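Heads up: the structure comes next, in structure tokens.
Residue numbers (the numbering used here): 9 to 125.
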């Protein structure tokens, strides 16, 4: 919530930043547990023998697909990039929070959609 308010406040002080927002993915590791929080289309992956995606995108395309509104092949490209949650714009996001167990050798990758798209 503090990050959302800070980004929103900054955008209000500089007209060139009006409508500015961002996505967020963060991980806290304690002992053998990873606590993941994310909003938007930045992602977390776990590498354990293979790369496994841990987060779901908060985009209109994913919303349409998850709710069986449209099949993947009928969802327009622009819908995959239209965020339904972001930090700093609109209503404060309701991030997804997840906990996973880690084992020796696990690696976590946090990235923006610039890596995946």
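Beta carbons are placed, not taken as given, at the ideal position from N, Cα and C, and that holds for glycine.
Bear in mind that the values here come from a model prediction, so they are computed numbers and not experimental data.
CA-to-CA, the gap between residue 121 and residue 71 works out to about 17 angstroms. When secondary structure is reduced to three states using DSSP, residue 104 falls in the strand class. Bounds of the alpha helix (DSSP H) holding residue 12 are 10 to 21. For residue 34, the enclosing beta strand (DSSP E) begins and ends at 32 to 38. For residue 51, the three-state secondary structure derived from DSSP is strand.
Between residue 114 and residue 26, the C-beta gap is not smaller than 8 angstroms, which leaves the two residues out of contact.
Of the candidates 78, 84, 32, 42, 32 places its Cα closest to the Cα of residue 93. As the crow flies, the alpha-carbon of residue 49 is around 19 angstroms from that of residue 16.
Linking residue 30 to residue 111 through their CA atoms gives a straight-line distance of about 31 angstroms.
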